Every structure is written in structure tokens, then in C-alpha cells.
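In this note's numbering, the protein residues as written are 121 to 440.
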């Protein structure tokens, strides 16, 4: 793949996370019916708790992942955990499990152990999947290493096996999307075969969701059915597969994929962020709508900073 195009995809995955997160934040927790009753169909940035165009913990933690990869030229769990702690801004809306895990680390627990004490057996929320795009980007050309690093990155806060599987599934999908030419025919069959070879999806939670994805791609159900059966809540098996389906069902346009995900309701900022990461990795930064980009916060760690993180990841990865 031509280098400039690949660089554009690196940036697209990170900025796509930001865009999907921001678009979804204003209606986080709304049901599909509530969104339709109040807005009809979300299409633009709305006023949110921190203002229009602002991001949540999803993007803030994604920034920490990228910063850590750049700082140590790859994955280092201790450094990444410290980046999370340094960046922590509770106004961004962190989940209680993540806060507990990071507090455990501040109190002296190792990054490998801190997440194991959350909710008794570790969290299977989507908090480690929402932030993992930079790992999918950085290790896109080595799927086995990508898989290993994604699981370890989840361990910091989401140590439950389902939490680790969800983060790995999201990272592998981002990496796979990086490697596809967006003007080619994307083979869903090839993608699903790729996942089956690399990831154990035999758990009933994930295997059921991927059966639904296959059915939905053939049958094109209405959004009510997708929201009800595929899910769109904070549990990783009810959000990562939904983000993947939102992308696969709307392959041709970044805008369509992200809006589809958000208008399902539920955990809209995170499902939007994960869909945006995949679609951004596939289509690239240049295909993200300019009207959305122009409305994003652009302060110290805003849009320009995130674009720069994508550039630095690419430059570090390709020694240029």
C-alpha cells in the first residue's frame, strides 16, 4: 500500500474514535425510540455535557494508549497504566471499574493484577475495547503480536476473559481494516475467516453475536431488531460485535457506519467510537466528513494533537 495512504489510515483510526465518541456522547443512554422521538435521526454534533464536539473517557484513554506506544516504541503495561493515571479527568465520564483499577495501581498493585480485583472476577465492560485502536494500528502487520498486546492492554483495567476477548476482537478488526484497500471489494467472508483463525470466539456470548452478524448481513433487519438482539450496552459482547456490524453493513461511507451505530441508542459514545475507529482505519482520515472535523474540540489534546499522534505512530512504525 502506498505510504501516504497508509499514514492516512493510521490517523483515520484515531480521529475516527474521537468523532464517533463525540457524536454519540450527547445521546449516551438514550434508547433508539428516545433518539427518534427527540431528534428523528442523529446527523450532526449536538450539545453535550462538556459542550458540542467534546470527547469522553473513550478518546482520552485512546490518547493514553497512543502516547504510551510512542513513548516506549511499543507496548509497556506499566507505562500505559501511568499514562492513563496522568490523563485521568473524571469530568470525561470514566466507568467505576476503570477508576477502581487505576486506583489499585496508584496504591501499589501491579498493572498485571489491578484489573483482576474489579467486580470480583475482572470487568467485561467495553472500556478496554473502546481505547484499543492505536494497538490495532501500530501492530497491523503482525496479527499474532497485535493479539498478544491487545490482551495485555486490556488486563490493566478489564481482566475478565470476555473483556480481553472483546478488546482483542476490536484491535484485530482495526488492524485488518488498515490492511484493506478501501476502494476494493471488502470480503466479509474473508474477514470472518480471518477472525476465526486468530481468535477464540467459542464463548456463547460472542459466537451467538457473530451468527447474528452473518444473518443480518443477508437479511438486513430493522434497527429495532439489531438494538434488541445484537445489543448496544456497555457489556463488551453487546457492543464490539455491534460496532463491527455497523461497519460491515455500511462499508461504503464512514459517515453512514458511524451514524448507524449511534442511532441504535444505548452506549452510543462507545459504540460510536469503536465503529469510528474501524471505519477510520478502513477509509482513512480524508474520508471523515469535514463538517464533523470542524466542530471537534481542538485544545491542548484535541484534534490537532490526535492527528499528530497518528502521524507519530506511523513515523515510528516505519522509521521515517
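All residues carry an ideal CB built from backbone N, CA and C; glycine is no exception. Please read these numbers as outputs of a predicted model, since none were measured by experiment.
Helix, strand or coil at residue i [DSSP, three-state]
i           : result
residue 151 : strand
residue 169 : coil
residue 212 : helix
residue 245 : strand
residue 251 : coil
residue 385 : strand
Rounded separation between residue i and residue j - CA only
i           : j           : result
residue 159 : residue 414 : 21 angstroms
residue 306 : residue 374 : 14 angstroms
residue 429 : residue 259 : 15 angstroms
residue 294 : residue 134 : 10 angstroms
residue 178 : residue 122 : 30 angstroms
residue 189 : residue 425 : 15 angstroms
residue 213 : residue 222 : 14 angstroms
residue 180 : residue 296 : 24 angstroms
residue 124 : residue 253 : 19 angstroms
residue 217 : residue 417 : 27 angstroms
residue 438 : residue 193 : 11 angstroms
residue 129 : residue 290 : 16 angstroms
residue 348 : residue 357 : 13 angstroms
residue 175 : residue 393 : 10 angstroms
residue 226 : residue 340 : 47 angstroms
residue 284 : residue 420 : 31 angstroms
residue 379 : residue 324 : 28 angstroms
residue 231 : residue 198 : 6 angstroms
residue 367 : residue 361 : 10 angstroms
residue 288 : residue 432 : 23 angstroms
residue 167 : residue 351 : 25 angstroms
residue 132 : residue 228 : 36 angstroms
residue 479 : residue 389 : Here the chain comprises residues numbered 121 to 440, so residue 479 is not present and cannot be evaluated.
residue 310 : residue 211 : 41 angstroms
residue 427 : residue 400 : 12 angstroms
residue 195 : residue 434 : 15 angstroms
residue 436 : residue 257 : 12 angstroms
Own chain, CB closer than 7 angstroms to residue i, minus 5 neighbours either side, in chain order
i           : result
residue 302 : 402, 403 and 404
residue 376 : 370
residue 318 : 263, 267 and 292
residue 200 : 184, 185, 188, 273 and 276
residue 239 : 217
residue 242 : 235, 236, 278, 279, 280 and 283
residue 299 : 260
residue 386 : 347, 352 and 353
Host alpha helix (DSSP H) of residue i (start-end)
i           : result
residue 269 : 263-275
residue 297 : 281-298
residue 448 : In the structure displayed, the chain extends from 121 to 440; residue 448 sits before or after that span and is not available.
residue 324 : 324-339
residue 428 : 423-438
residue 202 : 197-207
residue 178 : 177-192
residue 122 : Note, residue 122: premise wrong, no alpha helix (DSSP H); not H, not E.
residue 311 : 308-318
residue 411 : 410-413
residue 373 : Careful: residue 373 lies outside any alpha helix (DSSP H) and carries neither H nor E.
residue 163 : Segment: none, residue 163 is in no alpha helix (DSSP H) and carries neither H nor E.
residue 227 : Run containing residue 227: none; DSSP gives neither H nor E here.
residue 349 : Note, residue 349: premise wrong, no alpha helix (DSSP H); not H, not E.
residue 301 : Residue 301 -> no alpha helix (DSSP H), and no H or E assigned at all.
residue 146 : Per DSSP, residue 146 belongs to no alpha helix (DSSP H) and is neither H nor E.
residue 233 : 231-234
Own chain partners of residue i with C-beta closer than 6 angstroms, once the 5 adjacent residues on each side are dropped
i           : result
residue 312 : none
residue 150 : 385
residue 344 : none
residue 207 : 180 and 184
Neighbourhood of residue i by C-beta, 8 angstroms cutoff - its chain only, sequence neighbours within 5 removed
i           : result
residue 173 : 142, 165, 415, 416 and 417
residue 316 : none
(request) Indicate whether the contact test is met: 3 or more Cβ pairs, each with one atom in the segment 277-285 and one in the segment 236-247, closer than 8 angstroms. (result) yes
(message) Below 8 angstroms, how does it come out for the segment 151-169 and the segment 178-187: are there three or more Cβ pairs, yes or no?
(response) no
(message) Does the contact criterion of 3 or more C-beta pairs under 8 angstroms hold for the segment 139-149 versus the segment 259-274?
(response) no
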